[in-house]
Amino acid sequence: MKLTTELAAVRARAALGRPPLDKLEAAVVLESWGLPQGRALPVSGASEAAPPPTALDRWSAMSIEEDGDSYLEILGLIAGLLAATLWAAPLVANLGGAAFSAWRWALPATFFLQWLIRRRYFTRFEKGRRDRLSGLRGEEVAPAIAVIVAVFLAVAILGVPGLGAALALMVIWTGGLLLVRRGWAPIYVGLLLAGTAAFVARTPAAMDVLAEGEAVLAAVVVAVMTSHQPRRWPRPWREALPSGLVGLSLGVIIVAFWFPVSAGGLRLLAVAMLPPLLGSLAWFWVLTHFWREIWIDFATTEVHGHNRGRLGRTAFRVNASALLSYILVVAPLAVAGIEAVRFFGIAAGNPVLIFLDLGLVGLASALFAWLEALRQGTLVLAVAICSLLAGLLTFHLVADGLTLYPEFVVAASASVLAAGALWVLHSEPDRLAAQML
Amino acid sequence: MARSGRQPAGARRERTRVLLTTEGTYPFVVGGVSTWCDQLLNNLPEIDWLVQPVVAGGMRQGAAFQLPSNARLEPVIDLWGSTLPPPRFAWSGRTRPDLPASLALALLGWSADPENLTSELTWCHLHPEAVIASFRRRGAWRLFVEALREIVDEPTDEVTPGLKLDTAAAVRCYHAISWAARAASFPTPPVDVVHVTAAGWAAIPGLVQKRLRGTPLLLTEHGLYVREAYLAAARSLESGCARFLSTRIARGLARATYHAADLVAPVTDAHRPWEVALGVPPERIWAIPNGVLSPDTVEPAAPGKVVVSVGRIDPLKDVQTMLRVAAEVLRRHPDAVFRHYGPVSPGQDAYFAQCERLHRWLYLRDSFRFMGPTSDPRGVIRGANLALMTSISEGFPMAVLEALSQGRPVVTTLVGGVLDAVMGAGLTAAPRDVFGLADATCALLEDPRLAATLGARGQARVRRRFTQEGMLASYRELFATLASAPGEAISA
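Chains as they are written, first to last, in our numbering: chain B, 3 to 439; chain W, 779 to 1270.
If you want it as structure tokens, here you go:
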């Protein structure tokens, strides 16, 4: 029987269970039916009309990979932070003023490392593989760095206790990120509990922190070495370093706001780290829950046509949820901060504003980092730091007549930038998603 | 546009420099195309080869082939990865918010002029700092969406009308097109000839060089790139929009490559109708079939029922049909043994898992084993009684040639240039025809004399028509011709 164009169209449609996209797909299908290659092209043709997309079509348009580990990661960090807070008094008793320096250096350095590592190794996923340390496994110099850090840590603790303590804290906090990402949160918490028990038992604090640091480092090495071999390249350093700088700036802001002068101040400093972490957490929570919903909207909204109002409504829900969750977690913290400041008798500006500022800065920088807009994220931090420095300078120059708190300036700049990003998400979520290049 | 000569006469080097661009194959992945590349590089020592692989997804690549001393590996173009040059600062005056829209029209439009795509890609090459900045311009997305509307509504009888393009597909398309622009902005070395091994992403450096420097462009097609994209779409469960975009991108790249190529040298004449239909003038097509080394004498097959297949584990190889064929043959000959040699294609782990599930479901146990990659395909063929191939798309398969060269008959699907290779030396069936392939396999297993006769014919055919020396001589002649007659550059 001669294969006519009409018969070819019927055959192609039957084989596909739908009309072919065009004459080339029809030709391919006919060839799969046994027509010699090239013979199908002249008789194949397009169908009259495509049916509307099915529910399956719409679902399969989505392939969002969730980063559910972000909760665990931030909660792990908070656990580490709170544990280390408990160590503040014994450390100050044992090391004196060096303990303050240790915290002051360890905090920004930790933030730098955490943001750097997160960006370089944890922002790409391998489908079906949960082991997120495989990127580090591929770094040939990683074991050498671990050995150097371990030796340096031991030498430093014995020779320059302040530097050693700073290094140990940095290892403990950064190691927490890695262990939690590996799925070893229980091990990390166990190590923290063991360290805290040693402090409570009044063993020498310097040795405790050294032992804790070495233990966490050893756990990290085991976690990395037992990970899968990597199949993908990590992000290049040129993309990871700006993220590290964002983290560093966050740490610097926190330290600059609250330069601790007592063990109580150290505790407050630890508490002061919570708002930016919670600000980030708010975003991770919102994005995990709502970004999928936005993509469902994308998949069911014609790129040019009606239904676009739904996109705006979903985006509004995302923004509102982010801000609400942020306020819900930061506001009680701010109140607690006021009480804490009163209790410890520390003059540190307006604690409510400081807490809100830090939270906002965390929120804004996390948002920009997620949007792959690191330049804007760095800008947020740069403006915040400059505002802070300018405010402090003004305070010293005009000691009595100061009416402008530096934190006002920080709050204003961070708010404006965060609001700008939120507005873009609200007004043009599709453009935002398209331009995340 | 002004035209200018590529370079002054007499300025040519003694040795010809050829840029070989590959896509997902040489030198990282084992397979027929990679074997063919290896043959060229190792056996044409008079040429200085520069190999520029295009890979996808930021995957770590371990070299599967050692480059000879006359070849150099250029930086890898890693699509959806991070090795492309970083975006640099660009004044907004130098950026083009219309770039994504123009690229979309040139790449996806059914009736678009292929020249437009080359022009846009060349602009990206000349303004690498402005590419990402252009895609991030405020108005770029709106213009792009309007261009998509124009593409979807383009009036033509050859396309099924009524597609509703959703926003998710549009966003993904925006990203994909940005990668085409980024690949074009990648620096490539000046050479005498660009040899492209697939009419897809790997052709982008060649298109730019052709436009910018007038460098002759040679295209060798193994499988038909656009056809394989449509095959993938036809079996895909993705949305209609996703299928539309993936096939249109492949078609756009293929058309531009066909248009720009000075010569299209497919490995089989079977590709000719598709190439002509997509715009290659017939006189520019010169098929050069693959060739292999063939021994003077053939070891007769040992008595037995060993069936071997060599090829990647990939949907295009239709391993699932092979498993079903094995099950049907084993029903009739329980003592038959099937051995499959070949690696899993990058990104096809899920497909391999499906194959393993089917293997268990068919209860094949040790009668069919996945042996993994082999460094000695001829050796494994010699140990077999016949070779089996179930591909749904092929060019001129090396695995079939290797089997014929060792005097083993072949049971194969009738795709691509297979008929040219096995004519009179094997049995064929339609793609996915489980029972046809099983019948053919059983026929050869049951009649060793027929198998030996077909094997001897096949070996004689390879020695007569598909020798490695013949293939190399053809390419040597091509390179000499193309390098001595450079085209003209067109200022962008």
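All C-beta atoms, glycine included, are put in the ideal place defined by N, C-alpha and C.
From B/S62 to W/E1016, what does the alpha carbon distance come to, in whole angstroms? A caution first: B/S62 carries a pLDDT of 39, below 50, which makes its placement in the model unreliable, though a value can still be read off. The straight-line gap from Cα to Cα measures roughly 5 Å.
With distances taken from CA atoms, which of W/P933, W/A976 and W/R914 is nearest W/Y804? W/A976
I need the straight-line Cα distance from B/L195 to B/A187, nearest angstrom please. 12 Å
Consider the Cβ of W/W901: report whether some Cβ of chain B lies at a distance smaller than 8 Å. no
Expressed to the nearest angstrom, what Euclidean distance is found between the alpha-carbon atoms of W/R915 and W/L877? 10 Å
Is any beta-carbon of chain B found at less than 8 Å from that of W/T1035? no
Assign B/L404 to one of three DSSP states: helix, strand, or coil. Residue placement at B/L404 cannot be trusted, given a pLDDT of 43 that sits under 50; what the coordinates show is reported in the next sentence. It is coil, neither helix nor strand.
How big is the Cα-Cα spacing for B/L247 and B/Q116? 10 Å
Please check the pair W/Y1119 and W/M1149, which I expect to be a contact at CB under 8 Å, by giving their CB distance rounded to whole angstroms. 5 Å
Hey, is B/W297's beta-carbon within less than 8 Å of any beta-carbon in chain W? yes
Can you give me the Cβ contacts of W/R1160 inside the same chain, cut-off strictly under 7 Å, excluding the 5 residues immediately before and after it? So the qualifying residues of the chain are E1077 and Q1184.
Rounded straight-line distance, which links the Cα of W/Q1132 to that of W/P1067: Inter-residue distance for W/P1067 and W/Q1132 is about 33 Å (C-alpha atoms, whole angstroms).
State yes or no: is the C-beta of B/L250 within less than 8 Å of the C-beta of B/F114? Yes, they are a contact pair.
Determine the DSSP secondary structure at W/W827, reduced to helix, strand or coil. Reduced to three states, the DSSP call for W/W827 is strand.
Quick one: which chain W residues come within Cβ less than 9 Å of B/S229? Correct list: empty, because the minimum Cβ distance to chain W is about 14 Å.
Can the beta-carbon of W/G1204 be found less than 8 Å from the beta-carbon of W/G1173? no
In terms of residues, what are the limits of the beta strand (DSSP E) holding W/Y1119? V1115 to Y1119
Leaving out the 5 sequence neighbours to the left and right, which residues in its chain are closer than 6 Å to B/S136 when beta-carbon positions are compared? When the five nearest sequence neighbours on each side are left out, the beta carbons in the same chain lying within less than 6 Å of the beta carbon of B/S136 are those of S229, H230 and P232, in order along the chain.
Taking 8 Å as the threshold (beta carbon to beta carbon), is W/G887 in contact with chain B? No - not a single Cβ of chain B is within 8 Å of the one on W/G887.
Assigned secondary structure, W/R1147 (DSSP; H/G/I helix, E/B strand, else coil): strand
Quick one: what does DSSP say W/V807 is sitting in, helix, strand or coil? coil
Give the single residue among W/G840, W/G802, W/G1248 and W/I1170 whose Cα lies nearest to the Cα of W/L1009. W/I1170
Got a sec: is the Cβ-Cβ distance from B/F300 to anything in chain W below 8 Å? By this cut-off, B/F300 is an interface position.
At a CB distance below 9 Å, what residues from the segment 189-211 of chain B approach chain W? Give them in sequence order. Residues: none.
Can you give me the start and stop residues for the alpha helix (DSSP H) that B/M209 sits inside? A207 to M227
Grab the span of the beta strand (DSSP E) containing W/A849 for me, first residue to last. A849 to L851
What's the call for B/E27, buried or exposed, on a 16-neighbour Cβ count within 10 Å? buried
So which residues on chain B does W/L1009 lean against when the C-beta distance must stay under 7 Å? V30
Once the 5 residues before and after B/P92 are set aside, which same chain residues still bring their CB inside 6 Å of it? Hits under 6 Å: F201 and A207.
Give me the subset of the segment 16-27 of chain B whose CB atoms are less than 7 Å from a CB atom of chain W, sorted by chain position. Near chain W, meaning a CB-to-CB distance below 7 Å, the residues of the segment 16-27 of chain B are L18, P21, P22, L23, D24, K25, L26 and E27.
Indicate whether W/W1064 and W/L1041 have their beta-carbon atoms separated by less than 8 Å. At the C-beta level, W/W1064 and W/L1041 come within 8 Å of one another.
Beta carbon of B/A242, beta carbon of B/L118: below 8 Å? yes
Going by DSSP in three states, W/M1100 sits in which element: helix, strand or coil? Taken through DSSP and simplified to helix, strand or coil, W/M1100 comes out as helix.
If you run the structure through DSSP and keep just helix, strand and coil, what is W/M1176? helix
B/V305 CB to nearest chain W CB: under 8 Å? It does: the Cβ of B/V305 has a partner Cβ on chain W nearer than 8 Å.
Looking at chain B, is there any beta carbon in it that lies within less than 8 Å of the beta carbon of W/A1012? Yes, its Cβ sits closer than 8 Å to a Cβ of chain B.
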